[in-house]
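Some notes on the structure that comes next.
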Amino acid sequence: MRNRNVVSLLMLVLGMLCVLMLAHAQNAPEASEKGKEVYENSCAHCHGVEGRGDGSAAENLLPKPRDFTRGLYKIRSTESGQLPTDQDLFDIITEGMPGSSMPPWDTALSADDRWEVVAYIKTFYDGFKESETPPRAISLEDKIPYAEESVEIGKGLYVDLGCVECHGNVGRGDGTSAPTLTDEWGFQTWPANLAQGWNYRGGADTEDIFKRFIGGIAGSPMPAFEGDSFLHFGLTAEESKRLSELENKDEMTEAEEEESGKFYEKMDAAVDIALNRAEGMELSAAEQQTYDNAMKVVYEKSWHLANYVKSLTPEKRPESAIGNNVLRSQYVQGALPPMDDAAWETLQSGYFPVVGQVVIEPRQFNPTIDSVNVKSFYNDTEVAFLFTWDDRTQTIGDETDETTGKTLEDALAIQFPVKVPQGPTAPKPYFLWGGRLPVYLWHWKASAPEQVTELTAKGINNAEAQEAQGELQTQSIYKDGQYKLWVKRALKTDDKKDLQLEPGVFVPIAFSAWDGANGDVDTKRVMSSWYAFVLEPVPSSKRFIYPPLIAILSVGFLFGLRAFVQRRNSEEV
Amino acid sequence: MKRLSLFTICLIILVGSWVFLRFVVGGVISVPIPSSVIGMYMGLIIIAILVHISVEDSRFREFLRPVHETLIDDKRRIRRRVIAVLIPIFLLGYTYSIIAQRANPPGSPRDAHPSPPLELTYKDAVIGTMQDVVNPFRHYEKDDPEAFKAHVENGRRVYHQNCFPCHGDHLDGQGHFAPYLQPLPANFQDPGIIPNFQESFFFWRIAKGGPGLPAAGTPWDSAMPIWEDYLTKDEIWDVILFLSDYTGYQPRTFGEAH
Amino acid sequence: MKTYLLASLTVFLACCYVGNAFAADSDAGEMEMLVFPESYTAGSVSGGGTISGVVTFEGDVPEMKKLEITKDQAVCDATEKYDESVVVGEGNALKNTIVYLIDISKGKDFDKAAKLEIDQKGCQFNPHVQIVPVGVRITMLNNDKVNHNVHIFSSVNTPVNKQQTKNRRRMPLKAVKKAEGPVSVKCDIHGWMSAWIAYVPHPYFAVTNEKGEFTLEDVPAGTYKLGYWHEACGTNSGSPASVTVETGSTATQNFTLKLK
Numbered sequence: 064m065r066n067r068n069v070v071s072l073l074m075l076v077l078g079m080l081c082v083l084m085l086a087h088a089q090n091a092p093e094a095s096e097k098g099k100e101v102y103e104n105s106c107a108h109c110h111g112v113e114g115r116g117d118g119s120a121a122e123n124l125l126p127k128p129r130d131f132t133r134g135l136y137k138i139r140s141t142e143s144g145q146l147p148t149d150q151d152l153f154d155i156i157t158e159g160m161p162g163s164s165m166p167p168w169d170t171a172l173s174a175d176d177r178w179e180v181v182a183y184i185k186t187f188y189d190g191f192k193e194s195e196t197p198p199r200a201i202s203l204e205d206k207i208p209y210a211e212e213s214v215e216i217g218k219g220l221y222v223d224l225g226c227v228e229c230h231g232n233v234g235r236g237d238g239t240s241a242p243t244l245t246d247e248w249g250f251q252t253w254p255a256n257l258a259q260g261w262n263y264r265g266g267a268d269t270e271d272i273f274k275r276f277i278g279g280i281a282g283s284p285m286p287a288f289e290g291d292s293f294l295h296f297g298l299t300a301e302e303s304k305r306l307s308e309l310e311n312k313d314e315m316t317e318a319e320e321e322e323s324g325k326f327y328e329k330m331d332a333a334v335d336i337a338l339n340r341a342e343g344m345e346l347s348a349a350e351q352q353t354y355d356n357a358m359k360v361v362y363e364k365s366w367h368l369a370n371y372v373k374s375l376t377p378e379k380r381p382e383s384a385i386g387n388n389v390l391r392s393q394y395v396q397g398a399l400p401p402m403d404d405a406a407w408e409t410l411q412s413g414y415f416p417v418v419g420q421v422v423i424e425p426r427q428f429n430p431t432i433d434s435v436n437v438k439s440f441y442n443d444t445e446v447a448f449l450f451t452w453d454d455r456t457q458t459i460g461d462e463t464d465e466t467t468g469k470t471l472e473d474a475l476a477i478q479f480p481v482k483v484p485q486g487p488t489a490p491k492p493y494f495l496w497g498g499r500l501p502v503y504l505w506h507w508k509a510s511a512p513e514q515v516t517e518l519t520a521k522g523i524n525n526a527e528a529q530e531a532q533g534e535l536q537t538q539s540i541y542k543d544g545q546y547k548l549w550v551k552r553a554l555k556t557d558d559k560k561d562l563q564l565e566p567g568v569f570v571p572i573a574f575s576a577w578d579g580a581n582g583d584v585d586t587k588r589v590m591s592s593w594y595a596f597v598l599e600p601v602p603s604s605k606r607f608i609y610p611p612l613i614a615i616l617s618v619g620f621l622f623g624l625r626a627f628v629q630r631r632n633s634e635e636v
Numbered sequence: 016m017k018r019l020s021l022f023t024i025c026l027i028i029l030v031g032s033w034v035f036l037r038f039v040v041g042g043v044i045s046v047p048i049p050s051s052v053i054g055m056y057m058g059l060i061i062i063a064i065l066v067h068i069s070v071e072d073s074r075f076r077e078f079l080r081p082v083h084e085t086l087i088d089d090k091r092r093i094r095r096r097v098i099a100v101l102i103p104i105f106l107l108g109y110t111y112s113i114i115a116q117r118a119n120p121p122g123s124p125r126d127a128h129p130s131p132p133l134e135l136t137y138k139d140a141v142i143g144t145m146q147d148v149v150n151p152f153r154h155y156e157k158d159d160p161e162a163f164k165a166h167v168e169n170g171r172r173v174y175h176q177n178c179f180p181c182h183g184d185h186l187d188g189q190g191h192f193a194p195y196l197q198p199l200p201a202n203f204q205d206p207g208i209i210p211n212f213q214e215s216f217f218f219w220r221i222a223k224g225g226p227g228l229p230a231a232g233t234p235w236d237s238a239m240p241i242w243e244d245y246l247t248k249d250e251i252w253d254v255i256l257f258l259s260d261y262t263g264y265q266p267r268t269f270g271e272a273h
Numbered sequence: 061m062k063t064y065l066l067a068s069l070t071v072f073l074a075c076c077y078v079g080n081a082f083a084a085d086s087d088a089g090e091m092e093m094l095v096f097p098e099s100y101t102a103g104s105v106s107g108g109g110t111i112s113g114v115v116t117f118e119g120d121v122p123e124m125k126k127l128e129i130t131k132d133q134a135v136c137d138a139t140e141k142y143d144e145s146v147v148v149g150e151g152n153a154l155k156n157t158i159v160y161l162i163d164i165s166k167g168k169d170f171d172k173a174a175k176l177e178i179d180q181k182g183c184q185f186n187p188h189v190q191i192v193p194v195g196v197r198i199t200m201l202n203n204d205k206v207n208h209n210v211h212i213f214s215s216v217n218t219p220v221n222k223q224q225t226k227n228r229r230r231m232p233l234k235a236v237k238k239a240e241g242p243v244s245v246k247c248d249i250h251g252w253m254s255a256w257i258a259y260v261p262h263p264y265f266a267v268t269n270e271k272g273e274f275t276l277e278d279v280p281a282g283t284y285k286l287g288y289w290h291e292a293c294g295t296n297s298g299s300p301a302s303v304t305v306e307t308g309s310t311a312t313q314n315f316t317l318k319l320k
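Going line by line, the protein sequences match chains R, S and H.
Heads up, the first sequence is in the working numbering, so the first residue is 64 and it goes up one at a time.
Heads up, the second sequence is in the working numbering, so the first residue is 16 and it goes up one at a time.
Heads up, the third sequence is in the working numbering, so the first residue is 61 and it goes up one at a time.
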């Protein structure tokens with residue numbers, strides 16, 4: 064009895080706390096001097112003193128910092144064309160925007176300061192003052208849980224709604240319309256690579272995806288599928304299915320024309336209601352009912368689509384190979400598997416994040432390549448690598464850079480030292496293509512996809528193709544926004560400028576990659592720090608000998624000990 | 016209640032200390048403690064216990080009594096058999112895990128703040144000795160606050176046009192490029208950074224970048240550019256003013272150093 | 061007393077007028093935009109006149125660039141498409157120029173029966189320049205059997221960004237509340253597609269045809285500022301033409317435009 068009292072008291076307190084938090088969550092304080100001060104100290108360098116997105120850092124950034132003067136906010140919990148809630152603004156400041164230069168401010172600014180900033184940001188756009196009603200929120204009530212069938216339906220919608228045009232067949236942001244997109248301010252922008260959930264600006268929960276889809280990403284080319292622009296708005300799921308069948312026919316019969324005509328009439332009526340509502344007209348009860356029914360179908364389909372998008376990305380960013388995670392080449396007996404062999408599926412990829420090269424001019428501040436993934440097998444004489452990396456566009460050297468006149472193309476370079484440093488304190492070559500100590504490179508270019516050139520470099524601008532090109536076998540393919548490159552080389556070569564490989568020896572390895580469509584050429588590229596690579600030695604058979612031996616010895620020792628103690632005891636007695 | 020035997024108490028102390036170090040100190044109170052350090056503390060505790068039990072013969076015997084009992088007393092037969100099975104199994108697993116463990120790459124010891132050269136230079140021109148050079152604009156802080164503010168603002172601009180992708184909006188070393196650089200960019204909000212070095216040290220680090228480090232600082236790994244190639248002398252001094260103004264930490268001065 | 065009142069009222073009105081004139085001047089700074097009256101009252105017009113004329117292009121006629129069709133070639137590349145930013149016809153007639161009255165405050169109502177549509181035929185917007193009254197919906201047509209995406213880059217009104225999927229033949233768009241423009245219309249899916257929409261508060265707007273001709277009908281008698289806008293040649297908002305309309309007659313005003 065007493066327990067129950069305690070429980071209900073606890074629940075009461077928790078409930079009150081929730082209510083208090085919600086109450087607090089809804090509104091920012093009035094704009095104040097404090098908000099201005101925090102903004103100018105922490106935000107203005109990107110977003111500009113007047114909120115125009117033109118701070119001193121903006122020049123080198125893409126996506127550009129948001130211009131607050133137009134009230135267009137990407138990440139909202141509200142319908143298309145609506146302003147964000149205060150909570151939306153607070154959340155984006157708190158959590159930042161992954162994949163962009165907007166960092167999370169959760170530790171750098173106190174919650175109070177963040178609320179002050181929210182209030183201050185709103186002063187840049189009069190619409191916040193003028194709007195009398197609170198923005199309409201997107202309802203998350205009838206969420207459809209993640210399931211195979213739902214993903215399957217979503218996959219169909221992904222094509223039918225035209226997501227594929229920009230985001231590509233499997234979502235890597237490689238759609239045929241991707242290269243020409245610009246945002247509301249005319250700056251180039253790339254569609255999200257849906258296979259990299261860790262770079263989704265507004266988070267990768269199914270709810271986040273759903274909200275971005277329904278509400279759109281204001282200011283970007285991502286449209287809002289708010290309702291009336293949805294496929295067959297106003298029809299039930301069955302009616303929509305039937306109409307799709309009709310629409311997919313090359314020729315319709317007269318009866319079919321008539322049938323589809325009725326569907327179109329029904330759709331037009333529903334769209335009319337939706338537009339009335341959007342224009343601020345009061346709806347009659349019957350109209351409201353029609354609208355709600357239509358929206359129910361839209362929301363249902365959108366959850367399926369969100370589930371499908373969710374299925375495209377791993378739950379988390381793969382663990383980077385920094386630290387103790389090492390690229391380990393697995394030993395196999397006999398021939399090494401070619402590029403499309405199923406054997407590669409058995410290996411886990413080493414994930415090597417890359418960042419823009421900002422050390423030496425020309426620099427790349429806005430990289431489009433996230434990472435290089437690597438797998439490797441070796442046998443007694445050779446080693447094979449499979450490199451994969453996402454690139455939204457295939458650039459094969461038929462375009463030139465407007466400012467430099469240089470040929471643009473996609474490329475990858477894998478970097479090793481010429482000589483493996485001996486011991487932990489021995490110097491490595493400079494990670495940017497060497498210096499005093501040279502590096503040995505494999506350079507692959509999209510214009511010659513079946514060829515890897517061996518280079519020796521003593522600096523990023525000081526690389527030369529080796530005179531003696533070894534026998535490197537190469538295969539490559541570009542498909543659905545992803546490059547695959549397969550390279551095979553002998554473990555030992557006769558060339559002194561080559562790296563010689565030996566099982567069990569840790570070799571530094573690093574990567575450079577170029578996305579031609581992003582203007583990458585020469586030093587303008589993405590690159591990685593030094594990681595480690597090793598031909599994983601075949602596990603020693605000692606592991607089956609020593610442990611049992613030690614176990615047996617320990618048993619013997621215990622018996623011996625007992626006998627010894629017993630003997631001493633009897634002696635003492 | 017039966018009194019605990021000395022052996023059990025020692026066992027409890029050992030296990031308790033390990034749990035305390037591993038989870039309470041290295042979790043609740045502070046960041047996890049390296050296992051080598053825990054090992055060192057545990058070694059000290061074991062020595063202390065050994066000293067304690069071996070001071071008197073009687074205490075030593077009392078300590079060993081439960082061990083004796085387990086080994087020979089017929090009443091402890093079950094316990095004896097359980098131990099006779101558990102110990103070999105534990106050793107079997109432990110040795111297997113050690114032998115089968117994959118080798119890891121050798122860690123490279125790195126001095127994050129190696130000693131600077133004796134002379135401070137900018138593009139080969141000597142400015143002065145590392146110890147004597149001061150920030151030429153620092154004196155404005157007292158003499159001309161307006162001019163000082165202008166220099167700080169210029170430093171702010173220089174910082175955000177050049178440094179912030181790695182060192183972060185908040186100067187905390189957490190810029191958007193930072194997570195995948197090795198070594199990590201410096202965190203100027205760390206109280207151990209700015210107050211410990213003279214402004215000339217920062218000038219040296221900025222002007223010469225990663226490649227200017229001595230070998231102890233693993234110059235081949237650092238992604239810090241050689242900023243004297245891009246920034247003027249004044250811009251470097253200004254950005255140093257900004258670093259200390261924004262974080263509120265004062266760099267070490269010559270007077271304090273002695 | 062009455063005189064004082066009248067006098068002060070006159071002074072007050074004069075001040076307002078001067079203020080307005082200054083305001084109009086500062087607006088004219090935005091040379092790329094149309095200029096709209098402060099307010100407009102619609103009613104019936106009797107005894108109005110007509111303004112008509114021809115807009116011609118002066119200078120070397122730029123060659124129309126053939127558009128590079130990068131996707132959906134089966135539909136979009138069925139016929140050759142050209143960049144429509146400068147379309148010059150016979151006798152240097154300049155198409156797609158908006159000609160309009162800048163300072164009209166009272167006149168006829170919009171033609172309610174007029175169809176307001178932009179077709180996206182063969183992946184090109186038609187017409188290239190469309191006048192849309194404030195408060196009226198425009199309908200986007202798509203008989204292309206490919207997906208289109210209607211992106212209207214408004215800044216005064218909320219921008220429009222809507223997918224028009226391949227079988228959606230008609231897509232009406234929400235009416236806007238404020239006069240604005242012209243604003244750029246793009247299709248994000250087919251980057252080469254380009255059109256312009258002007259959201260206007262009164263019906264005295266015309267777009268020149270292939271022959272460069274325009275006509276503004278039922279203009280109440282009076283003297284007006286006549287403005288033009290062309291996407292490549294700019295506007296004359298800074299120094300508009302002055303036209304006097306007499307009842308029942310046609311006033312002629314021609315324009316000669318150069319590239320800006």
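Yeah, the Cβ is synthetic: ideal placement off N, Cα and C, and Gly gets one too.
For the set H:Y284, H:S106, H:G294, the Cα lying nearest the Cα of V303 of chain H is the one of H:Y284. In the three-state scheme derived from DSSP, where H, G and I count as helix and E and B as strand, F296 of chain R is classed as coil. Rounded to the nearest angstrom, the Cβ distance from R133 of chain R to S215 of chain H is 6 angstroms, consistent with a contact under 8 angstroms. Chain-ordered, the chain R residues with CB closer than 7 angstroms to the CB of Y111 of chain S read R606, P610. According to DSSP, residue pairing for F440 of chain R in a beta bridge involves R:Q393, R:A447. Of R:E530, R:Y546, R:K192, the smallest CA-CA separation from V435 of chain R is found for R:Y546. The Cβ-Cβ distance between L220 of chain R and L375 of chain R does not fall below 7 angstroms. In terms of Cβ geometry, G282 of chain R and I138 of chain R do not form a close pair [threshold 7 angstroms]. Counting only the Cα atoms, F213 of chain H lies some 36 angstroms from Y209 of chain R.
Around the beta carbon of K274 of chain R, a 10 Å sphere encloses 16 or more other beta carbons of the protein chains shown; the residue is thus reported as buried. Around G111 of chain R, the same chain offers D117, G118 as residues with beta carbons nearer than 6 angstroms, after the five sequence neighbours per side are excluded. The beta carbon of Y264 of chain S does not come within 7 angstroms of any beta carbon belonging to chain R, so the residue lies off that interface.
By the Cβ test, the stretch 175-182 of chain R is not in contact with the stretch 330-350 of chain R, since fewer than three Cβ pairs between them sit closer than 8 angstroms. The CB of D248 of chain H comes closer than 9 angstroms to the CB of E228, C229, S240, T243, L244, T245, P284, M285, P286 in chain R, given here in chain order. Secondary structure in the stretch 516-540 of chain R: the beta strand (DSSP E) runs of 3 residues or longer, each lying completely within the stretch, are 526-528 in chain order. Sequence-distant Cβ neighbours of K127 of chain R in its own chain, meaning closer than 8 angstroms and more than five residues away, are G116, A121, D246, W248, F250. At a cut-off of 7 angstroms between beta carbons, H295 of chain R makes no contact with chain S.
With a threshold of 7 angstroms between beta carbons, G241 of chain H makes no contact with chain R. When Cβ-Cβ separations below 7 angstroms define contact, Q116 of chain S makes no contact with chain R.
For F574 of chain R, the secondary structure class from DSSP, reduced to helix, strand or coil, is strand. G227 of chain S has no beta-bridge partner at all, per DSSP. Per DSSP, the beta-bridge partners of E273 of chain H are H:V114. Listed along chain H are T225, each with a C-beta nearer than 7 angstroms to that of D223 of chain R.
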